[in-house]
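In the numbering used here, the protein residues as written are 333 to 544.
Structure first, commentary second.
Given below as structure tokens:
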């Protein structure tokens with residue numbers, strides 16, 4: 333049986349700039365429109381398709397000269413540099429949020445008050461950075477949201493996420509349900525539901541819900 337010939341991959345040409353296209357910054361074999369920032373498939377790397385896109389989607393730009401699109405390239409390059417700087421800042425802030433989530437989880441597992449993060453952990457972090465590492469800890473501490481309200485909000489978000497993941501797994505697997513009843517100090521009855529199931533070959537048991 334004869335093999336299908338491989339489809340030829342089209343290459344970008346500088347001549348395509350007159351249509352407002354450059355090679356995609358993330359994949360040089362894909363055309364990228366400078367006017368709408370849209371990336372097309374390699375099949376779109378045809379002068380006829382690029383011209384058609386310019387005429388139909390950007391009719392007010394179809395008569396622009398090459399210098400206009402060269403200016404757009406410079407603007408795009410400058411914007412990409414700015415976006416890169418913003419991404420670095422965002423990544424740093426994201427690291428702070430990741431740390432805060434991990435600390436929230438530790439607080440919840442230990443059953444400590446929500447104010448532990450703000451009153452104990454942050455001061456401890458500040459002390460370690462300033463005393464041991466001899467660095468300014470203010471920027472690091474500011475990037476870690478550990479206020480009482482933040483802890484409550486993050487714990488709620490974690491609980492919702494865990495519940496959603498568990499429900500998603502239970503929808504596609506067989507399970508065994510167990511109900512336990514307990515009495516609280518004020519004689520209120522607490523009903524607890526547990527589920528046992530097998531996930532990825534591992535037997536697991538999780539609390540499904542509690543009702544007072």
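Just so it is clear, CB atoms sit at the ideal spot from N, CA and C, and this is done for glycine as well.
Because the structure is a prediction, the values reported are computed rather than measured.
Terminal residues of the continuous beta strand (DSSP E) containing residue i?
{"i": "residue 387", "result": "Looking at the DSSP string, residue 387 is not in any beta strand (DSSP E); the run it does join, the alpha helix (DSSP H), is 379-389."}
{"i": "residue 534", "result": "534-543"}
{"i": "residue 479", "result": "It is not in any beta strand (DSSP E) - residue 479 carries neither H nor E in the DSSP assignment."}
When the Cα of residue i is compared with those of the options, which residue comes out closest?
{"i": "residue 502", "options": "345, 527, 523 and 512", "result": "527"}
{"i": "residue 354", "options": "456, 404 and 524", "result": "404"}
{"i": "residue 381", "options": "356, 351, 357 and 358", "result": "351"}
{"i": "residue 399", "options": "349, 544, 509 and 494", "result": "349"}
{"i": "residue 497", "options": "435, 538 and 516", "result": "538"}
{"i": "residue 479", "options": "447, 464, 459 and 495", "result": "447"}
Using the C-alpha atoms, what's the distance from residue j back to residue i?
{"i": "residue 391", "j": "residue 341", "result": "29 Å"}
{"i": "residue 441", "j": "residue 467", "result": "31 Å"}
{"i": "residue 388", "j": "residue 449", "result": "57 Å"}
{"i": "residue 524", "j": "residue 491", "result": "16 Å"}
{"i": "residue 333", "j": "residue 373", "result": "Reliability fails at residue 333, whose pLDDT of 46 lies under 50, so the model's placement of it is uncertain and no value is given."}
{"i": "residue 407", "j": "residue 356", "result": "15 Å"}
{"i": "residue 518", "j": "residue 511", "result": "21 Å"}
{"i": "residue 344", "j": "residue 375", "result": "11 Å"}
{"i": "residue 435", "j": "residue 482", "result": "11 Å"}
{"i": "residue 509", "j": "residue 515", "result": "20 Å"}
So, using beta-carbon positions, are residue i and residue j closer together than 8 Å?
{"i": "residue 522", "j": "residue 505", "result": "no"}
{"i": "residue 457", "j": "residue 473", "result": "yes"}
{"i": "residue 378", "j": "residue 386", "result": "no"}
{"i": "residue 428", "j": "residue 470", "result": "no"}
Please list the terminal residues of the continuous alpha helix (DSSP H) segment that includes residue i.
{"i": "residue 454", "result": "454-463"}
{"i": "residue 356", "result": "Premise fails: residue 356 lies in the beta strand (DSSP E), 353-356, not in any alpha helix (DSSP H)."}
{"i": "residue 470", "result": "470-474"}
Taking all protein chains shown into account, decide if residue i is buried (16 or more other Cβ within 10 angstroms of its Cβ) or exposed.
{"i": "residue 368", "result": "exposed"}
{"i": "residue 363", "result": "buried"}
{"i": "residue 432", "result": "buried"}
{"i": "residue 365", "result": "buried"}
{"i": "residue 477", "result": "buried"}
{"i": "residue 346", "result": "exposed"}
{"i": "residue 439", "result": "buried"}
Below 7 Å, is the gap between the Cβ of residue i and the nearest heavy atom of the ligand SAH?
{"i": "residue 505", "result": "No copy of the ligand SAH occurs in the structure displayed, which carries no ligand at all."}
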